[in-house]
Every structure is written in structure tokens, then in C-alpha cells.
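Residue numbers (the numbering used here): 279 to 754.
We treat Cβ as the ideally placed atom computed from N, Cα and C, and that holds for glycine.
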Amino acid sequence: MAKKKQKKAKAAAKKSSRKVVKLATARKAKSKSNGKHNSLPRTSTKPYGQDGQALTGVRILDFTHVQSGPTCTQLLGYMGADVIKVERPGVGDITRTQLRDVKGEDSLYFTMLNGNKRSITIDSKHPQGMRVLNALIKTCDVLVENFAPGALDRMGLTWGHIHETNPRMIVASVKGFGPGPYEDCKVYENVAQCAGGSASTTGFREGPPLVTGAQIGDSGTGLHLAWGIVCALYQRMRTGRGQKVLCAMQDGVLNLARVKLRDQQRLKHGPLSEYSQYGENIPFGDAVPRAGNDSGGGQPGWILKCKGWEADPDAYIYFITQAPVWGEICDLIGKTEWKTDPNYATPPARLPRLKQIFATIEEWTMTKTKFEVMDICNKVDIPVGPILSMKEIAEEKSLRDTGTVVEVDHPGRGKYLTVGNPVKMSDSITEVKRSPLLGEHTDEILKDVLAFKSAEIAEIKNSGALNAPKKEEKAA
Ligand code: CAO
């Protein structure tokens, strides 16, 4: 009976490891019958949302930790990939215990970045651990890692070794910097924000550089890497081979700050007229200055106080004086004469007066709540945005309805909110699942994914490769 079961599991594992090869051959096999789109399989007749997910059949060996890598693999999991997270026995991803809010339970830092994954504990420095890892490399499509430079090689998992073990495997890495003088540095979020040009261009002109709350260094780079991985999977359909995919955090941040590199080049040709310092007659230096809340585009904007600002730190609205609705703005704030006054009627005439113009608009916004301003302005197409607090976002019904904010139940910590899939697809529906407990799926993966026999599993387990060393102290 047991033998029969093992045989079945082995067959299932073989089948799943062949799935990817099948993806590539499927095109050929099914190409006969589909009219002019003959490189695609036959059009599915299943209802939308019921024919698997975008990445169904893709298996990820998730060797990530902290934030950047886990963001990437969680997004792949949201799209249906089978994400197997490898963690150090007894310890796990360091974020399990960082910023803990519930004693002894996985932190929100961990749970919100590791949904839709399975967890296996493996000591990668143990020979039996390496045996399991090599088996995983054979059956997975992508290895994702964000260790410090050189750490993967020190484990023995060089590109040469991986490529030889599974030529189809894609090896995707986040590093702080690309090749160059800083390539060996360890990097965290704010370091990347600074090195990628974001901090020097954020904040107020009179103040120091500022980092932003959005995690553009970590989550932003994870997002870039996920895009690279999906492209590499697509290319593999044609070439049949894997490749290395690298996203340096500095590069990811710079990509998000590209409009500032645009402005750097514009500086050679004169002052940046849409920056409020231009209107205030403050000369520009030779690098892009901090622009406060100036709009990054061609339409001047600023953050203005709304009713209740004295007590509520988020009673503000972003207000854009878009040229086509200038007349509507003048009507709303009771300055109808500005519609024809040559000092205000055209965008260039307004540029030197933006400070005064926004101060006048603010006199009006301060008489309304941010939501009232939003309602009034939206009716006449004036672009405005309320400054929403995280409390307001957590309570916002429409975000719950769309699955952007999701409540998940966790056996240890109970219910928590997470951010669901920000990308909605009509034929790939995301069900957000809770993060795994440390090593929760170790047995399941050894048996069902790797088809190890009971004796092999016992041998590996007895070796200590999957367990915490006896004296290891569990973090409080
Ligand atoms: N079994 C055994 N050893 C393991 C293991 C496992 N399952 N998983 C990890 N390790 C070991 C690694 O092999 C490494 O050992 P060596 O240094 O002896 O080779 C060690 O754990 C530590 O790995 P690390 O250097 O990556 O971790 P760190 O905490 O020192 O540094 C970080 C963390 C994030 C600074 C670094 O990983 C890094 O720079 N990563 C790239 C950039 C990045 O992603 N930064 C964003 C992080 S999110 O803010």
C-alpha cells in the first residue's frame, strides 16, 4: 500500500517537473487548429477565472528574506505560482521575529510579505540539506534570492552548478548595487532610496534629503524582479533555457525616479519653470533640487490644508491647477477675474505666482473637509487627491471590495490585514492565503514535490539538516 502511494507521489512529482517543458511544447502541439493565432493553444472554453491562473504550473524556489525578495515571490504566488520558501531551521526569515506585535507569533512584517507560499526548513550548509536543495533545483523553474553578494556562491549554489543541474532554471537576484565599486555592499531600503537618487530630490528645498514611506527600494525592486522573471519565463518558452535575472536596488529606485534624471538634463537649458523655486526667483544649482510638494509633471500642484487641519494631521488635499480647468478653479474659489487677468489667465503667467495662487485656493479648501473638496472638484474635473491616512485606507470599503486590502486568518496571530494583488486580471483570479508557519510544509514538499521515499526522508531528518540545532534559542 505504502509502495503504491510512493509510486503515485513520484509519478506526480515527475509530471509536475515536466509541466514547464510542456508549456514550451504545448505551443507546437496545439498550433494546428487555431486559425490565424496558430502559435497559441486552442482558445479555452472554460468560463473566465476558471482555467487556472497566469502562473499555474510555475514552481518557485524562494530563497528570499526580509522585504525585497519576499515581495517579488509573493506577487508570483498571487499569480498562481507554487512558491516554496526555504528557511533556515529554527530561525526562518529574520522578519518572522522583527517588529513583533503579538508575543511569540510571526510578525506582520513577515505575514504581509509571505502569503501564498509554502515553507520548508533546510540547512543549506549541511550535505543532506544540499541534497534536498539540489532536488528542488531539479523540479523548480525559478530560484529567487536576495542574499548578500556572494552568499549563494558560498553555499555552493553557483550559476554553473545550478545551470548544470537544471539548464531550464532561471536564477533571479536582488542585490543592492550592480557591478561596480559598490557591488559587495549590503543594502537596505533607505540606502537604496539614497543611492538611487530619490532622497536627494525628496523633501523641501530648505531641509535635508528625505526618504519616502513607500518602500521603493525593497518592494519596488521586488516588483521589478518579478517582471524580469516573467519575461525570462516567456523567453524560455522559445529558447528552452534559463538565464540570470538581476535587479539592483539602486537601479530599481532610479527607474522610479527617472523624471528627476529628465530634469537634471533639462537644467542645462535653463531653470525648471514648473518648480516653485522658479516663481520665487531662487536660482537653481547644478543638480536637481528638492521640490517639496511640487507636481512632477507639467501641471502645477501643491498640498493644501482642509477643514480640521489643526487637529487632524491628514486633513489635507493635493490640488492640481490643470490648465484646461483653470476657469472652473477661479469660479470655485470666487476669483472669476483671474480668468481674464493677464497675470493669471495663462499657465506661463501663473508660474511666478504659484505660491500666492495656492495660498488663495487654500483659503477655500480650509472651509471644506478633504472629502467635500474631492466631491466638489471631481464634478468639474479638477484633479485633486485627499491625503488618506493608513487608518482611513484600512477602513476603506471599496479597497476591501476589490480585494486590494484583504483580511486573512492566521492560526497563531488571528486575523490581520494584508495588501492583496494590486493587479486585477479577468482570467487569473487571486485568492490571498495566509503566510506559512516556519517549516509547515517540510514533510509535504519532501513527499509530494520531491517524491523522496520514507527511508530517505528519515535519513535526511535524522541528519539534522532540516531541524534547528538543539541549543538554538528561539527568538523571543
Ligand atoms: N541555511 C544555512 N545558512 C543560511 C540559510 C539556510 N537556509 N539561509 C541563509 N543562510 C546564511 C547565508 O548563507 C549567509 O551565510 P554566509 O554569510 O556565511 O555566507 C547568512 O545566512 C546571511 O545571509 P545574508 O548575508 O544575506 O544576511 P544578512 O542578514 O547578513 O544581510 C541583507 C541581509 C538584506 C543586508 C543582505 O542579504 C543583502 O544585502 N541582500 C541584498 C540586498 C537586499 O535584498 N536588501 C534588501 C533587504 S530588505 O530591506
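Opposing strand residues paired with residue i [DSSP bridges]
i      : result
VAL710 : According to DSSP, which records beta bridges pairwise, VAL710 is partnered with nothing at all.
PRO664 : ILE595
HIS688 : GLY692
GLY579 : ILE598
GLU365 : THR399
MET703 : SER706
VAL420 : ILE338, ILE448
VAL683 : VAL697
LYS453 : ALA526
Three-state class that DSSP yields for residue i in the structure shown
i      : result
GLU552 : coil
MET357 : coil
PHE341 : strand
VAL509 : Per the sequence shown, residue 509 should be read as Cys rather than Val. Three-state DSSP puts CYS509 in a helix.
ALA426 : coil
LEU411 : helix
CYS525 : strand
VAL603 : helix
ILE448 : strand
LYS324 : coil
LEU539 : helix
VAL697 : strand
LYS613 : coil
GLY313 : For GLY313, the predicted structure reports a pLDDT of 44, less than 50, and the residue's modelled location is therefore unreliable. The matter cannot be settled from this model.
GLY574 : coil
LEU545 : helix
GLN471 : helix
THR479 : helix
TRP587 : coil
MET652 : helix
CYS350 : helix
ALA736 : helix
PHE730 : coil
Whole-angstrom distance between residue j and residue i, CA atom to CA atom
i      : j      : result
GLN471 : THR618 : 44 Å
VAL410 : ASN424 : 20 Å
GLY327 : ARG712 : 21 Å
ALA290 : ARG337 : Note on ALA290: pLDDT 49, under 50, position unreliable in the model; the coordinate value appears next. Cα to Cα, ALA290 sits roughly 14 Å from ARG337.
SER451 : LYS702 : 26 Å
GLY454 : PRO348 : 15 Å
GLY434 : SER402 : 9 Å
THR708 : PRO700 : 10 Å
PRO549 : LEU503 : 36 Å
THR389 : LEU430 : 25 Å
VAL686 : HIS343 : 21 Å
GLY570 : ALA746 : 50 Å
GLN376 : MET357 : 27 Å
LEU716 : THR499 : 25 Å
HIS315 : ARG514 : Reliability fails at HIS315, whose pLDDT of 49 lies under 50, so the model's placement of it is uncertain and the value that follows must be treated cautiously. Their backbone Cα atoms lie some 20 Å apart in a straight line.
GLY495 : GLN345 : 9 Å
GLY355 : PRO325 : 22 Å
VAL523 : ASP529 : 13 Å
LEU744 : VAL727 : 16 Å
LYS633 : VAL469 : 33 Å
THR334 : ASP705 : 12 Å
GLN555 : CYS463 : 36 Å
GLU588 : PRO459 : 48 Å
PHE341 : ASP541 : 38 Å
GLN521 : SER497 : 22 Å
GLU558 : PRO630 : 7 Å
TRP806 : VAL449 : Residue 806 cannot be examined here, being either before or after the span of the chain that is shown, 279 to 754.
GLU751 : GLY368 : In this predicted model, GLU751 has a pLDDT of only 45, less than 50, meaning its place in the structure is not dependable enough to derive any value.
THR479 : ASN412 : 45 Å
TRP642 : ILE654 : 12 Å
PHE649 : LYS546 : 41 Å
GLY612 : PRO591 : 27 Å
VAL683 : GLU673 : 9 Å
8 Å contact criterion, which residue i and residue j should meet: CB distance rounded
i      : j      : result
ALA477 : LEU488 : 6 Å
LEU582 : PHE597 : 5 Å
LYS416 : THR351 : That pair is no contact at about 19 Å.
HIS688 : SER397 : At roughly 13 Å, the Cβ-Cβ gap does not stay under 8 Å, so HIS688 and SER397 are not in contact.
VAL537 : GLY491 : Not really, about 19 Å apart at Cβ, beyond 8 Å.
ARG446 : ARG519 : 6 Å
VAL651 : GLY393 : Not a contact, Cβ separation roughly 36 Å.
GLY475 : ALA535 : 5 Å
VAL658 : GLU606 : 4 Å
ARG483 : PRO567 : 6 Å
The ligand NAD heavy atom lying under 6 Å from the CB of residue i
i      : result
ARG540 : The ligand content of the structure shown is limited to the ligand CAO, which means the ligand NAD is not among them.
Would you check if the region 441-452 and the region 356-375 touch, i.e. whether three or more CB-CB distances between them fall below 8 Å?
As far as the Cβ criterion goes, the region 356-375 does not touch the region 441-452, which means the pair count is below three.
Are three or more beta carbon pairs between the region 613-632 and the region 672-679 nearer than 8 Å?
Not touching, per the Cβ criterion.
For the structure I just gave you, are there three or more beta carbon pairs, one from the region 586-601 and one from the region 656-670, closer than 8 Å?
These segments touch.
Examine the Cβ distances between the region 376-387 and the region 689-699 and report whether three or more of them are shorter than 8 Å.
Because the criterion of three Cβ pairs below 8 Å is met, the region 376-387 and the region 689-699 touch.
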